[in-house]
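Read through the structure below, which is laid out as C-alpha cells, and then see the notes.
Residue numbers (the working numbering), protein chains in the order written: chain A, 1 to 289; chain B, 1001 to 1268; chain C, 2001 to 2281.
Set out below in C-alpha cells:
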C-alpha cells in the first residue's frame, strides 16, 4: 500500500516575482511501505524541494501529498503530526546539534512529541545502539565527537521519533569511505529491523545500486524515471545523457556489449559482475574451477 | 521567508546617478541633508523637493520603490506629526476640545516636518538604491582615509563591513535551513508566548553561532594564506575615478543649497 | 627531477596534544608533478597539507618548499605566494562580494600595481573559465564555480605549487568534475605542481602519483595503478578502490589471469575482451 503519494505536485519558488522558478512540475509518485528508495538528480533538479514537501516543510503551489491516503494539508493544525510521521534528516545534519549532551540531542525530537521521560530513555538507548553509538558517549558533549559520530547523533535524533517514513538528504556528504559505509550499514540495519520506508537522496549511483530497491531519478523538476533498481539501470545510457553518473561497472558492461559481449543482464554491483563473468567464463570453457 | 530581505537594496541600472563616483554621492547626500535642515520655509522645502524629485527621475528608479521604503516608517511619522500638532503653540486656534488645542502653527509645523522627513528618506534611499553596498564601503573607506593618520582603524572597519556584506546572505540562508531542520524534529519556532518563543530560539541560535564562529575561523586562515596583513601597502582592483559629471553634480547641489540659504535670508 | 617540496622526518603534535598526528613523514615532490595524498579522515592528510604553506610548522623535522624553510617566519609571504592553498569549504574562503575582487584579493594584499593586477585577474578568471562571471556575486554561483573562483584567486599569485585540501568534498558530481579538470589544466598547461588532498579514489586514480596516508604515516607511494593494485591493504585502512580494480582483483582471486594494475574503464574493457576472445580460440 502506498504510504506516501503525490498527485500532480507542483511547487513554484517566489511565485509572481521576476525570480519565479518551477521546482516541481506535476510530480506523480507512489511510495510503498517498507521500501528503500534512492533519489538521484542534479543539484537543482527538484529532489530537495520534493522531500521537503513530504513532511510539510513546504506547501505545494498545486497538487496534493497524501500520507496514508490523507491529504497532509487537509487540516493545517495537523502538520506537526505529519512531521512526526515523516522524519527528515537534512544535509550536514550535524550542524543542527545544539544540546549539551548526546542524550539530550537525540531526545529533542521525542520531547517535542510529548513522550514520557521513561519512553524517551528507552528510545534513545535503543536508537544509539541501532546507529552504532556506544552507551558511554550518551553523556558526553556532542561537540567533542568526530565528524562521522556527530552525523550519526543527528540521524539518531530523527530515528528515535520512529517515523513511518525516514528521509535522509545526502546522509554521507563529505564523509570518507569508512564513515559512509558505516552510515549506510546502519540505515540498512534500521530498515531490516523496523521495515519502515526509507528515502535516501544521493549523488552516488554506486551507493544507491547497493542499497536501494527502487530508484527515483529527478531531472529538471520532473520525474525522469522511477522504478526498481535493475530496471532503472537498464536505462543507463539515457541517464548518462542527462549528465548523471552511472556506476563504473555499468559503463564497463555497456562498453562490452558494444563490442559484442552481451550477458543479457543489467550489471550495477561489483559482486554481481564478478559472479556473472565467472559463470560465462566457465560456460565458454575459458576457465574451469 | 528571511531570504526575501534584500540587504542594502541596490537596484542595478545604468543611469547617470548610478554612474556617479560613490565618494561624490556620499558627499552630495550630506549636502542634501544639510540643505533640508537649513530650509525653514515651505518655499525652501519646495526647492528641496524639486531637487529630490529631479534626482529620482534621473535615477530611473520607479517611485513605488521609494513608497515601499517609506511605508514601514509611516506610523512613526504619524505619531511625530500628532505630537507636533498637539504641542506647538502660536498662530490661530483651529480646534479646541478640553485640553486639546490645535493651532495653525501646529499644523504648519507638522506638515513641514513630514515633508522634510519624506524627502530625507527619499534622498538617502537614492544613495543605497544606486550604489552597490561594496562600492559604498569602498567609498567610505577612501573618504575617511585621512583619519588613518589619527590611528583610526579605517581599513579594518571597511574590511569588516565588506566581509559582513559577503556573509550576511549566507547566514540568513543558514538560519532558514536550521529552522527547517529543527521544525523537522518537531520544534515549534514561531508559536507560543514571548517567553516560550525566546526559549524556542535556542535550537536555532546555538547552531547558528557555532557555524558563524567556524566560518570566521576558516575565513581568517584563508585570508592569511592569501597574504592578508591589514591595510598597509595594499593596492586596489576597484579604481574610483572622478569625471566632470561628478563635479557638475556637486556644483548643482551646492547651488541648490545656496539658493535655499538665500531664500532663508530673503524671507526672514 | 627537480624537487619543489622536500619533507624530511616530519613529526607533528598539537600544542598540549597527547597524540602525535604526523609520525615521521619523508616525501619529496618534483616540479610539475600532480600528486594525490589519499587517506581517510584522521589519517593526518590535512595536517600534512597545512605544513606545506606554514599554517602549521613541524614539531620535529623540516619542510622546504621551493627552497624556503616553512619554519622561517621572515619568508612567510614569499612562501605563501609560491605555494597557494585551496580549502574544502568554498564559501569560507571567498572574501569579497564580487568575483573579480575576490580573485584580486591576494594581489591587493601584496601591493601589485593596478595595471598588472587587472591583467592577472582577467587571465586567472579565463584560465578557470569563470571570466563571464567576473562581476557576479559569489552567492549566486554553484559550489564548483565558487571553488574555481578560489583557484583563480590562488593562480593570480602565479604560484609554483597549489595545495588543495579536499577541494571537492562538499561538491556535487558535476562540481567535482569542473574543479578537477580546472586543476588538471593548471598542471598540464601551466606546469604548476599540484598536491591534491582527497579521499576520493577516482580523483586519485587520475593523478600522476598517489601517496596513501594512514595513522600519520605514508604507507604507499607510487603511480596510481601500482597503488590501487593493493586492494586488500587499501580496503583494510578504509579506502575505496575503483570498481574495475576491485572486479579484476576479485577475478584474480578466483584464479583468473588478469592484470592487477587496471584502474580505468578502458583498461578493464580491453582486458575482459582479451580474456573472452582468447578463450574463443
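Built from N, CA and C at the ideal position, the CB exists for glycine as well. Note that the coordinates shown come from a computational prediction; the quantities given were computed from them, not determined experimentally.
Pairwise C-alpha distance: residue j and residue i
i, j, result
"residue 182 of chain A", "residue 173 of chain A", "13 Å"
"residue 2191 of chain C", "residue 2002 of chain C", "13 Å"
"residue 1 of chain A", "residue 74 of chain A", "21 Å"
"residue 160 of chain A", "residue 1081 of chain B", "58 Å"
"residue 1188 of chain B", "residue 2082 of chain C", "52 Å"
"residue 2058 of chain C", "residue 2020 of chain C", "11 Å"
"residue 3 of chain A", "residue 286 of chain A", "50 Å"
"residue 1164 of chain B", "residue 1012 of chain B", "20 Å"
"residue 137 of chain A", "residue 86 of chain A", "27 Å"
"residue 1287 of chain B", "residue 2099 of chain C", "Nothing can be reported for residue 1287 of chain B, as the shown portion of chain B is limited to 1001 through 1268."
"residue 1107 of chain B", "residue 1183 of chain B", "51 Å"
"residue 1149 of chain B", "residue 2123 of chain C", "36 Å"
"residue 1033 of chain B", "residue 1232 of chain B", "34 Å"
"residue 281 of chain A", "residue 2231 of chain C", "23 Å"
"residue 2271 of chain C", "residue 253 of chain A", "12 Å"
"residue 2042 of chain C", "residue 131 of chain A", "21 Å"
"residue 297 of chain A", "residue 1144 of chain B", "Nothing can be reported for residue 297 of chain A: it is not among the residues displayed for chain A, which extend from 1 to 289."
"residue 2267 of chain C", "residue 2220 of chain C", "22 Å"
"residue 1171 of chain B", "residue 2078 of chain C", "34 Å"
"residue 155 of chain A", "residue 93 of chain A", "7 Å"
"residue 1045 of chain B", "residue 1112 of chain B", "8 Å"
"residue 113 of chain A", "residue 6 of chain A", "26 Å"
"residue 38 of chain A", "residue 199 of chain A", "6 Å"
"residue 2269 of chain C", "residue 234 of chain A", "19 Å"
"residue 2278 of chain C", "residue 244 of chain A", "35 Å"
"residue 2196 of chain C", "residue 2037 of chain C", "6 Å"
"residue 2108 of chain C", "residue 1235 of chain B", "5 Å"
"residue 238 of chain A", "residue 2240 of chain C", "27 Å"
"residue 2116 of chain C", "residue 2104 of chain C", "11 Å"
Expected contact under 8 Å - CB spacing of residue i and residue j to nearest Å
i, j, result
"residue 373 of chain A", "residue 60 of chain A", "Residue coverage of chain A in this structure runs from 1 to 289, which leaves residue 373 of chain A outside it and unanswerable."
"residue 1132 of chain B", "residue 1010 of chain B", "5 Å"
"residue 1058 of chain B", "residue 1015 of chain B", "6 Å"
"residue 1201 of chain B", "residue 1139 of chain B", "So it is not a contact: roughly 36 Å between Cβ atoms."
"residue 1125 of chain B", "residue 1066 of chain B", "6 Å"
"residue 104 of chain A", "residue 83 of chain A", "About 20 Å; that fails the 8 Å criterion."
"residue 291 of chain A", "residue 2243 of chain C", "In this structure chain A extends from 1 to 289, so residue 291 of chain A is not present and cannot be described."
"residue 2054 of chain C", "residue 2027 of chain C", "Going by Cβ atoms, the distance from residue 2054 of chain C to residue 2027 of chain C rounds to 16 Å, so no, they are not a contact pair."
"residue 153 of chain A", "residue 142 of chain A", "5 Å"
"residue 2060 of chain C", "residue 2092 of chain C", "Actually they are not in contact, since the Cβ atoms of residue 2060 of chain C and residue 2092 of chain C sit about 31 Å apart, beyond 8 Å."
"residue 247 of chain A", "residue 268 of chain A", "5 Å"
"residue 157 of chain A", "residue 106 of chain A", "5 Å"
Listed by chain order, chain F residues near residue i by CB distance under 9 Å
i, result
"residue 1130 of chain B", "Absent from the structure: chain F. Protein chains present are A, B and C."
Inside the region 207-275 of chain A only - beta strand (DSSP E) runs reaching at least 3 residues: 214-219, 222-228
Secondary structure, alpha helix (DSSP H): runs of 4+ residues fully inside the region 2118-2200 of chain C: 2143-2155, 2173-2190
Contacting positions in the region 70-88 of chain A - beta carbon closer than 8 Å to chain B: 80, 83, 84, 87, 88
Within 8 Å of chain B by C-beta, residues of the region 49-72 of chain A in sequence order: 52, 55, 57
Whole beta strand (DSSP E) elements within the region 2063-2112 of chain C, 3-residue minimum: 2083-2086
Contact set between the region 2244-2271 of chain C and chain A, restricted to residues whose Cβ is under 7 Å from the partner: 2244, 2246, 2247, 2250, 2251, 2254, 2255, 2256, 2265, 2268, 2269
Positions along the region 146-165 of chain A whose CB lies within less than 9 Å of some CB in chain B: 154, 157, 158, 161
Cβ contact check for the region 217-227 of chain A and the region 14-34 of chain A: 3 or more pairs under 8 Å: yes
Meets three-Cβ-pair contact criterion under 8 Å: the region 1016-1034 of chain B and the region 1249-1262 of chain B: yes
Alpha helix (DSSP H) runs wholly inside the region 1151-1238 of chain B, at least 4 long, in chain order: 1154-1184, 1194-1200, 1202-1225
Interface positions of the region 2101-2119 of chain C facing chain B (Cβ-Cβ less than 8 Å), listed along the chain: 2101, 2104, 2105, 2106, 2107, 2108, 2109, 2110, 2111, 2112, 2113, 2114, 2117, 2118
Meets three-Cβ-pair contact criterion under 8 Å: the region 1107-1123 of chain B and the region 1036-1046 of chain B: yes
Given 8 Å, three or more beta-carbon pairs between the region 105-122 of chain A and the region 1207-1224 of chain B: no
Chain-ordered residues of the region 19-51 of chain A with a beta carbon less than 9 Å from chain B: none
Start-end ranges of the alpha helix (DSSP H) lying completely within the region 26-58 of chain A, minimum 4 residues: 47-54
Contact set between the region 1206-1228 of chain B and chain C, restricted to residues whose Cβ is under 9 Å from the partner: 1214, 1215, 1216, 1217, 1218, 1219, 1221, 1222, 1223, 1224, 1225, 1226, 1227, 1228
Proximal residues, the region 94-119 of chain A versus chain B, C-beta separation under 8 Å: 95, 96, 97, 98, 108, 109, 112, 113
Entirely enclosed alpha helix (DSSP H) segments - the region 1032-1079 of chain B, minimum 4 residues: 1042-1059, 1063-1070
The region 2178-2193 of chain C / the region 2029-2039 of chain C touching (three or more Cβ pairs under 8 Å): yes
Three or more C-beta pairs below 8 Å linking the region 2195-2209 of chain C and the region 206-213 of chain A: no
Selection of the region 245-272 of chain A by Cβ proximity to chain B, strictly under 7 Å: none
Inter-stretch contact at 8 Å, needing at least 3 Cβ pairs: the region 1256-1266 of chain B / the region 2130-2139 of chain C: no
Contact residues within the region 2133-2167 of chain C, judged by C-beta distance below 9 Å to chain B: 2137, 2138, 2139, 2150, 2153, 2154, 2157
Contact list for the region 1050-1062 of chain B against chain A, Cβ threshold 7 Å: none
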